[in-house]
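This report concerns only the one structure given below.
Numbering (the working numbering), first residue to last: 5 to 295.
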């Protein structure tokens, strides 16, 4: 499975390919509210969700109308080696995106293990501590969710091992259908909690690029070496560094030079890594040219 750690970590808004909404019912307000959900995925699973060149994540966003973001390959949920996937949009859009992603992971899990398709697997949701009360209630709510979905639902105790961690893990165990049903029930309940929607913007900042941006100039004749055949080199540099890389169009030069502009965006660490790899390609080409 190819893991593409690229600019798709924080993906653009997907175009909506959706039919007109049905007439509003009295309960449709919560369905139309902007909401989000976060859950954990392994690094290998993250690569599968992103897809080659970002094709899978783009397709899932297009189908669902939701926005899908992943933490970077070295940004794990505390105490785990799993990355965070965040889906935002209306309730319906979010559930549709969750279904697409879990179905993809389910099919790959079964293809690799060669086990029966009704095997129960686990998905771990990340829920703010302040909102856990709205799911747990006095035990009756979570009990009703378990009965209705037939999934196992377990909420982790409040973990004080990680200073400042305001989240708890909700583990949902079941078949794909049972998991989707349970997540739908949990999320519909969370949407009713005003504090939950307020926490969405905090998490956006976690997953957005820490928008540092650097523009460097590279001689026009060396651009092909940086890009590589079919874009292979630039894609590899982007994947390894975690930076977004954009090259100016032909004829769009750095002021007063014949150097094309390469704009590198990401964390400071990602920018340094990408810039180093680009300069290495150019230096190698220059050395060969002088032989």
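Yeah, the Cβ is synthetic: ideal placement off N, Cα and C, and Gly gets one too. Keep in mind that this is a model prediction, so the values were computed, not measured.
For residue 104 against residue 67, the beta-carbon gap comes to about 6 Å, under 8 Å, which counts as contact.
Closest option to residue 268, judged by alpha-carbon separation, among 261, 259, 279: 279. Each residue's CA atom was taken as its position, placing residue 45 and residue 86 some 5 Å apart. For the 8 Å CB-CB criterion, residue 282 and residue 227 do not form a contact.
Inclusion of residue 150 and residue 157 in the CB contact set at 8 Å is warranted, their separation being smaller than that value. Taking each of 235, 90, 145, 233 in turn and checking the Cα distance to residue 193, the smallest one comes out for 145.
Excluding its 5 nearest sequence neighbours in each direction, residue 272 has C-beta neighbours in its own chain below 6 Å: 216, listed in chain order.
Residue pairing by DSSP places residue 176 opposite 127, 157 in a beta bridge. About 5 Å separates the beta carbon of residue 91 from that of residue 101, a gap short enough to meet the 8 Å contact definition. With a cutoff of 8 Å on beta-carbon distance, residue 266 and residue 249 are scored as near each other. Just measuring C-alpha positions, the residue of 70, 74, 251, 58 sitting nearest residue 39 is 70.
A Cβ-Cβ contact shorter than 8 Å links residue 130 with residue 42. Contact annotation: residue 95 and residue 127 have beta-carbon atoms that are not nearer than 8 Å. With a threshold of 16 other beta carbon atoms within 10 Å, residue 225 falls short and is exposed.
Residue burial annotation: residue 76 is buried, with at least 16 other C-beta atoms found within 10 angstroms of its C-beta.
In this structure, the beta-carbon distance from residue 246 to residue 270 falls below 8 Å.
C-alpha of residue 72 to C-alpha of residue 286: approximately 35 Å in a straight line. As summarised for the stretch 212 to 264, the continuous alpha helix (DSSP H) elements at least 4 residues long and confined to that stretch are 227 to 231, 236 to 245, given in chain order. A direct Cα-to-Cα measurement between residue 55 and residue 274 gives close to 21 Å. For residue 218, the CB contacts under 6 Å within the same chain, skipping 5 residues up- and downstream, are 268, 275 in chain order. Judged by DSSP in its simplified three-state form, residue 93 adopts strand. Here DSSP, grouped into helix, strand and coil, assigns residue 269 to strand.
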